[in-house]
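A.B. asks:
2 protein chains.
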Amino acid sequence: MRAVTIHDVAAEAGVSAATASRVLSGHPATSEESRTRVTEAARRLGFRPNAQARSLRKSHTNTIGLLLSDVRNPFFADIAHNAEQHALESGIATLLCNANESTEQQDLYLDLLLSQRVAGIIVAPQGDGAGSLREVLTLGVPVVFVDRTIDGVDVPSVTSDNRSGITGAVAHLAGLGHRRIGLVAGPQETSTGRERLEAFRQAIAEHGLDDDPDLVHLGDFQVTSGARAANQLLDLPHPPTAVLAADSLMTFGVLEVLRERGIRVGSDLSVVGYDDVAAFRWFSPQLTVVAHDPARMGALAVDLIRDVLDGRPARSVVLESSLVVRESTGPALGTGSVPHPAGRQ
Amino acid sequence: MRAVTIHDVAAEAGVSAATASRVLSGHPATSEESRTRVTEAARRLGFRPNAQARSLRKSHTNTIGLLLSDVRNPFFADIAHNAEQHALESGIATLLCNANESTEQQDLYLDLLLSQRVAGIIVAPQGDGAGSLREVLTLGVPVVFVDRTIDGVDVPSVTSDNRSGITGAVAHLAGLGHRRIGLVAGPQETSTGRERLEAFRQAIAEHGLDDDPDLVHLGDFQVTSGARAANQLLDLPHPPTAVLAADSLMTFGVLEVLRERGIRVGSDLSVVGYDDVAAFRWFSPQLTVVAHDPARMGALAVDLIRDVLDGRPARSVVLESSLVVRESTGPALGTGSVPHPAGRQ
DNA sequence: CTGAAAGCGCTTACAG
DNA sequence: CTGAAAGCGCTTACAG
Numbered sequence: 001m002r003a004v005t006i007h008d009v010a011a012e013a014g015v016s017a018a019t020a021s022r023v024l025s026g027h028p029a030t031s032e033e034s035r036t037r038v039t040e041a042a043r044r045l046g047f048r049p050n051a052q053a054r055s056l057r058k059s060h061t062n063t064i065g066l067l068l069s070d071v072r073n074p075f076f077a078d079i080a081h082n083a084e085q086h087a088l089e090s091g092i093a094t095l096l097c098n099a100n101e102s103t104e105q106q107d108l109y110l111d112l113l114l115s116q117r118v119a120g121i122i123v124a125p126q127g128d129g130a131g132s133l134r135e136v137l138t139l140g141v142p143v144v145f146v147d148r149t150i151d152g153v154d155v156p157s158v159t160s161d162n163r164s165g166i167t168g169a170v171a172h173l174a175g176l177g178h179r180r181i182g183l184v185a186g187p188q189e190t191s192t193g194r195e196r197l198e199a200f201r202q203a204i205a206e207h208g209l210d211d212d213p214d215l216v217h218l219g220d221f222q223v224t225s226g227a228r229a230a231n232q233l234l235d236l237p238h239p240p241t242a243v244l245a246a247d248s249l250m251t252f253g254v255l256e257v258l259r260e261r262g263i264r265v266g267s268d269l270s271v272v273g274y275d276d277v278a279a280f281r282w283f284s285p286q287l288t289v290v291a292h293d294p295a296r297m298g299a300l301a302v303d304l305i306r307d308v309l310d311g312r313p314a315r316s317v318v319l320e321s322s323l324v325v326r327e328s329t330g331p332a333l334g335t336g337s338v339p340h341p342a343g344r345q
Numbered sequence: 001m002r003a004v005t006i007h008d009v010a011a012e013a014g015v016s017a018a019t020a021s022r023v024l025s026g027h028p029a030t031s032e033e034s035r036t037r038v039t040e041a042a043r044r045l046g047f048r049p050n051a052q053a054r055s056l057r058k059s060h061t062n063t064i065g066l067l068l069s070d071v072r073n074p075f076f077a078d079i080a081h082n083a084e085q086h087a088l089e090s091g092i093a094t095l096l097c098n099a100n101e102s103t104e105q106q107d108l109y110l111d112l113l114l115s116q117r118v119a120g121i122i123v124a125p126q127g128d129g130a131g132s133l134r135e136v137l138t139l140g141v142p143v144v145f146v147d148r149t150i151d152g153v154d155v156p157s158v159t160s161d162n163r164s165g166i167t168g169a170v171a172h173l174a175g176l177g178h179r180r181i182g183l184v185a186g187p188q189e190t191s192t193g194r195e196r197l198e199a200f201r202q203a204i205a206e207h208g209l210d211d212d213p214d215l216v217h218l219g220d221f222q223v224t225s226g227a228r229a230a231n232q233l234l235d236l237p238h239p240p241t242a243v244l245a246a247d248s249l250m251t252f253g254v255l256e257v258l259r260e261r262g263i264r265v266g267s268d269l270s271v272v273g274y275d276d277v278a279a280f281r282w283f284s285p286q287l288t289v290v291a292h293d294p295a296r297m298g299a300l301a302v303d304l305i306r307d308v309l310d311g312r313p314a315r316s317v318v319l320e321s322s323l324v325v326r327e328s329t330g331p332a333l334g335t336g337s338v339p340h341p342a343g344r345q
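First to last, the protein sequences are chains A and B.
Going left to right, the first sequence walks through residues 1 to 345 as full-length UniProt numbering numbers them.
Going left to right, the second sequence walks through residues 1 to 345 as full-length UniProt numbering numbers them.
(1) Using beta carbons (cut-off 9 angstroms, strictly below), is A:M1 in contact with chain B?
(2) According to the neighbour-count rule (16 or more other Cβ atoms, all chains shown, within 10 Å of its Cβ), is B:E33 buried or exposed?
(3) What runs of the alpha helix (DSSP H), each 4 residues or longer, lie entirely inside the segment 120–163 of chain A?
(4) Rounding to the nearest angstrom, what Cα-Cα distance links B:A295 and A:L56 in this structure?
(5) For B:N100, does the three-state DSSP call read helix, strand or coil?
(6) Hey, out of A:V290, A:E256, A:R261, whose CA is closest to A:D247's CA?
(7) Which partner residues of A:A245 appear in the DSSP bridge assignment?
(8) With a threshold of 6 angstroms on Cβ separation, who are the neighbours of B:I122 within its own chain once the five nearest residues in sequence on each side are excluded?
(9) Can you list the beta strand (DSSP E) stretches of 3 or more residues lying completely in the segment 193–245 of chain A, in chain order?
(10) What do you reckon, are the CB atoms on B:G226 and B:V254 nearer than 9 angstroms?
(11) Can you say whether B:L236 is buried or exposed, counting buried as having 16 or more other CB atoms within 10 angstroms of its CB?
(12) So which residues on chain B does A:F252 lean against when the C-beta distance must stay under 8 angstroms?
(13) Would A:G266 pass as an interface residue toward chain B - the criterion being a Cβ-Cβ separation below 9 angstroms?
(14) Between which two residues does the alpha helix (DSSP H) carrying A:S322 extend?
(15) On a CA-only basis, which of A:L319, A:D303, A:A230, A:V170 is nearest A:P142? Give me that one, please.
(16) Using the C-alpha atoms, what's the distance from A:G91 back to A:G311?
(17) Which same chain residues, not among the five before or five after B:D268, have their C-beta less than 7 angstroms away from its C-beta?
(18) Going by DSSP in three states, B:I79 sits in which element: helix, strand or coil?
(19) So with Cβ pairs under 9 angstroms, would you call B:Q232 a contact of chain A?
(20) Measuring CB to CB, does A:F221 end up less than 9 angstroms from A:L249?
(21) List the residues of chain A that residue 363 of chain B touches, going by C-beta distances under 7 angstroms, in chain order.
(22) Starting from A:N102, find everything on chain B with Cβ-Cβ shorter than 9 angstroms and list it in chain order.
(23) What span of residues does the beta strand (DSSP E) with B:V15 cover, start to end?
(24) Helix, strand or coil: how does DSSP classify B:G343 here?
(25) Note down the Cα distance separating residue 381 of chain A from A:G14, rounded to an integer number of angstroms.
(26) Let's see if you can read the secondary structure: which residues bound the beta strand (DSSP E) around A:G298?
(27) When the cut-off is 9 angstroms and only beta carbons count, does A:E327 lie next to chain B?
(28) Taking Cβ to Cβ, would you say B:E101 is nearer than 9 angstroms to B:P156?
(29) Residues bridged to B:G65 by DSSP?
(30) So B:V265 and B:S164 are supposed to be a Cβ contact under 8 angstroms. How far apart are they, rounded?
(31) Step through the CB atoms of chain A and report whether any lies within less than 9 angstroms of the CB of B:T288.
(32) Check whether the Cβ atoms of B:S288 and B:A169 sit closer than 9 angstroms, and answer yes or no.
(33) Taking all protein chains shown into account, do 16 or more other C-beta atoms lie within 10 angstroms of the C-beta of A:E320, making it buried, or fewer, making it exposed?
(34) Measuring only the C-alpha atoms, how far is B:D275 from B:F75?
(35) At 7 angstroms on the CB atoms, spell out the chain A contacts of B:H81, in chain order.
(36) Within the 9 angstroms Cβ cut-off, does A:S55 reach chain B?
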């Protein structure tokens, strides 16, 4: 059962372990003869280098950690898939960890990745940069943020513009005559949650729409919080005519409640989702959403961490987000189809 | 930048590395005095044991590999999430890898996991058991199959019954008067693909329904193959009145095509999906599906690999699958609502 | 081009 | 209870 080591290969090939190592790792100082003998021996024996021993000696690994908030969130699943495939093309293995939208679990996995001595960590961070994240940074382990950032923590990041999509969505709804727009906001421990809420408030002010605190509900980027928020919004004495949710899972929660209550999306209530998850296009009516590009994000995050690892300058990138108008938004109820009506609903 | 080692901790605490190691790993043979001094020193220095060195010495790691077919498939995302959380509770870290429904990529990651010297591997396998998988097995690395199996390869597995759900679905459709049922089958390189197709054929025969080879299309468990199959089925001179797909992604592909063609699900064409993915419940009409339990599968697979690792007997388990009737299945077009009509459509 | 030797950071018999 | 020493499987200056 004992695994075959480089000594076994060396013995089989009739050379020293040093020579075997050189051949196997492509070091130029090897003879034709050694090369063929060692390669052959390794093949015959089914030699599989011990990555642990190798990285212990070389004091760096070829593995990166990818710490995401929720693997079941299709948005992050897309990031995971593309980051992994992209890393693989550069011969980098990816250790995928799931923080489950919990700062504690994020710390736990950060510790784990540190113990595994990964070469670098791509993380969709949470919290204020205290805890294990601070440690990681002071240890000098390369870190790249993806999707989210932390104020005051200066690491390269690939994010998307959280403003333009929301701004576009509010303008679109205002143009349809909506004056009371409900927001299911994300958790304020995340930069995306904060920025989207901020953009929303600003847009509401700009368009002179109802700035009612009851119209904003803080969720946690998970389905149930979206459902809860939808129920509260709909139970308001003066409910909104349109609802915007700050991520795909909360959008699903909203849609679930609307179905339960028999409220028709698009006609009874306008809905704008977030993240252009495939399922939203298969919905009827097809959802109007704020779209950005998780696939590209994942690949760029890997590029960024490679830049850092290879000592190249790493420049943060902000991807665009934009409104994709489909069928789930329509004229505000009671206002006809005339945009900007004088009266209120 | 150099990481702090156990020698640093030992020096700081004024003991030997051996004692420091014993304290840190909870060995009983330590004095009260050493314990407090070492623990304190480790805390002060922010000591983080090098997992590589540890596992090199102990020749086993506390990490398992989880090799799934497609992380973007919500079914597998559920397995991944639950397996990981469950493993974590036992202090086991999970290396999640994505085979991307490709046997080559499966081999690549198997090699990688072997190099990482994971304690064991949970895999949703593909292919015939040749290639790296055979090597893994002959090396004696503990393996557990999840969701799928390979004929003739005897490892513990947690799967679900691929028969009962399909059988129930065909019976249900036959009861609604359908005689021509289309199947978007899974790839025949997978046990699930084979078993579901087999169950379908048998059920068709039992109910005496149209056994037309044109009604069966082989897909690859991905969205586009579902769409392609749907188009071909609908373009048949004598198209089916109901369609059954063998996984969630292909079901999505089918639904996409129906929407494009303006075919109403449930009334124009009955659809039975596979995997009770949340999105199917948010659909309108809500989808009738064959449901099984990925969350439980993930957790059980971890239990199984722990059994193997701890030397306990590991017993394979087969979970149930069952038909959940919702709104996407209705009477066959042209047959009225009378079940088992004499005439054909 | 090649080999002997040291060392990466741990753990664990072996003595005491 | 404690320490010195060996060793896990590699890689890499250092000589030759």
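Virtual Cβ for every residue (Gly too), placed ideally from N, Cα, C.
C.D. replies: Taking the geometry as given:
(1) As a first step, residue 1 of chain A is located in the first sequence; it is residue number 1 there, counting from the start. Confidence is the limiting factor: at A:M1 the pLDDT is only 49, short of 50, which leaves the residue's position unreliable and the question unanswerable from this model.
(2) Within the second sequence, the letter at position 33 stands for residue 33 of chain B. So B:E33 ends up on the exposed side.
(3) Counting only runs of 4 or more residues that sit fully inside the segment 120–163 of chain A, the alpha helix (DSSP H) segments are 132–139, in chain order.
(4) To locate residue 295 of chain B, count along the second sequence from 1; it is residue 295. To locate residue 56 of chain A, count along the first sequence from 1; it is residue 56. Cα-Cα distance, rounded: 36 angstroms.
(5) Along the second sequence, one-based indexing puts residue 100 of chain B at 100. For B:N100, the three-state secondary structure derived from DSSP is coil.
(6) Reading the first sequence from its first residue, position 247 is the one you call residue 247 of chain A. Looking at the Cα atoms, A:V290 is the closest of the given residues.
(7) Numbered from its first residue, the first sequence carries residue 245 of chain A at position 245. In DSSP, A:A245 forms a bridge with A:V184.
(8) As a position in the second sequence, residue 122 of chain B is number 122, starting the count at 1. In the same chain as B:I122, and ignoring 5 residues on each side of it, the C-beta atoms closer than 6 angstroms to its own belong to L66, V144, V146, A301, I305, in chain order.
(9) As far as the segment 193–245 of chain A is concerned, its whole beta strand (DSSP E) runs of at least 3 residues are 216–218, 242–245.
(10) Sequence index remark: in the second sequence, residue 226 of chain B carries index 226 (1-based). Sequence index remark: in the second sequence, residue 254 of chain B carries index 254 (1-based). Yes, Cβ-Cβ distance for B:G226 and B:V254 is below 9 angstroms.
(11) Counting from one through the second sequence, the residue named residue 236 of chain B turns up at place 236. In this structure B:L236 is exposed. Its beta-carbon is surrounded by fewer than 16 other beta-carbon atoms within 10 angstroms.
(12) On the first sequence, position 252 is the one that residue 252 of chain A refers to. Residues of chain B with a Cβ closer than 8 angstroms to the Cβ of A:F252 are, in chain order, A278, A279, W282.
(13) As a first step, residue 266 of chain A is located in the first sequence; it is residue number 266 there, counting from the start. For A:G266, the answer is no, since every Cβ of chain B falls outside 9 angstroms of its Cβ.
(14) Position 322 of the first sequence, counting from 1, holds the residue named residue 322 of chain A. It is not in any alpha helix (DSSP H) - A:S322 instead sits in the beta strand (DSSP E) that spans 322–324.
(15) Here residue 142 of chain A refers to the residue found at position 142 when the first sequence is read from its first residue. Per the Cα distances, A:D303.
(16) Against the first sequence, residue 311 of chain A aligns to sequence position 311. Against the first sequence, residue 91 of chain A aligns to sequence position 91. Those two C-alpha atoms are separated by around 18 angstroms.
(17) Within the second sequence, numbered from 1, the residue matching residue 268 of chain B stands at position 268. So the list reads L333, once near-sequence residues are dropped.
(18) On the second sequence, position 79 is the one that residue 79 of chain B refers to. Reduced to three states, the DSSP call for B:I79 is helix.
(19) The residue you call residue 232 of chain B lines up with position 232 of the second sequence. Proximity of B:Q232 to chain A, defined by a Cβ-Cβ separation below 9 angstroms, is not satisfied.
(20) Residue 221 of chain A sits at position 221 when you count from the first residue of the first sequence. Residue 249 of chain A sits at position 249 when you count from the first residue of the first sequence. Closer than 9 angstroms, so yes.
(21) This structure cannot settle anything about residue 363 of chain B, because the visible part of chain B is limited to 1 through 345.
(22) Taking the first residue of the first sequence as 1, we reach residue 102 of chain A at position 102. Strictly speaking, residue 102 of chain A in this sequence is Ser, with Asn absent from that position. Within chain B, no residue comes near A:S102; the closest Cβ sits about 11 angstroms away, beyond 9 angstroms.
(23) Here residue 15 of chain B refers to the residue found at position 15 when the second sequence is read from its first residue. No beta strand (DSSP E) holds B:V15; DSSP gives it neither H nor E.
(24) Residue 343 of chain B sits at position 343 when you count from the first residue of the second sequence. With a pLDDT of 36 at B:G343, under the threshold of 50, the modelled position of that residue is not reliable, and the figure given next carries that caveat. Three-state result, B:G343: coil.
(25) A question about residue 381 of chain A goes unanswered here, because the residues of chain A that appear run from 1 up to 345.
(26) Counted from its first residue, the first sequence places residue 298 of chain A at position 298. Note, A:G298: premise wrong, no beta strand (DSSP E); alpha helix (DSSP H) at 294–309.
(27) Looking up residue 327 of chain A in the first sequence gives position 327. With a threshold of 9 angstroms between beta carbons, A:E327 makes no contact with chain B.
(28) Within the second sequence, numbered from 1, the residue matching residue 101 of chain B stands at position 101. Within the second sequence, numbered from 1, the residue matching residue 156 of chain B stands at position 156. Not closer than 9 angstroms, so no.
(29) As a working mapping, residue 65 of chain B is identified with position 65 in the second sequence. Paired residues: B:L95, B:I121.
(30) Position 265 of the second sequence, counting from 1, holds the residue named residue 265 of chain B. Position 164 of the second sequence, counting from 1, holds the residue named residue 164 of chain B. That belief does not hold up - the Cβ atoms of B:V265 and B:S164 are roughly 24 angstroms apart, past 8 angstroms.
(31) Numbered from its first residue, the second sequence carries residue 288 of chain B at position 288. No, its Cβ sits nowhere closer than 9 angstroms to a Cβ of chain A.
(32) The count along the second sequence starts at 1 and reaches residue 288 of chain B at position 288. The count along the second sequence starts at 1 and reaches residue 169 of chain B at position 169. First, the amino acid is wrong: residue 288 of chain B is Thr here, not Ser. At a Cβ-Cβ threshold of 9 angstroms, B:T288 and B:A169 count as neighbours.
(33) Translated into the one-based positions of the first sequence, residue 320 of chain A becomes position 320. Residue burial is scored here from C-beta neighbours: A:E320 has fewer than 16 other C-beta atoms within 10 angstroms and is therefore classed as exposed.
(34) Residue mapping note: residue 275 of chain B aligns to position 275 of the second sequence, counting from 1. Residue mapping note: residue 75 of chain B aligns to position 75 of the second sequence, counting from 1. Cα to Cα, B:D275 sits roughly 7 angstroms from B:F75.
(35) In the second sequence, the residue the question calls residue 81 of chain B occupies position 81. In chain order: V71, R72, N98.
(36) The residue labelled residue 55 of chain A in the question sits at position 55 within the first sequence. Yes - at least one Cβ of chain B is within 9 angstroms of the one on A:S55.
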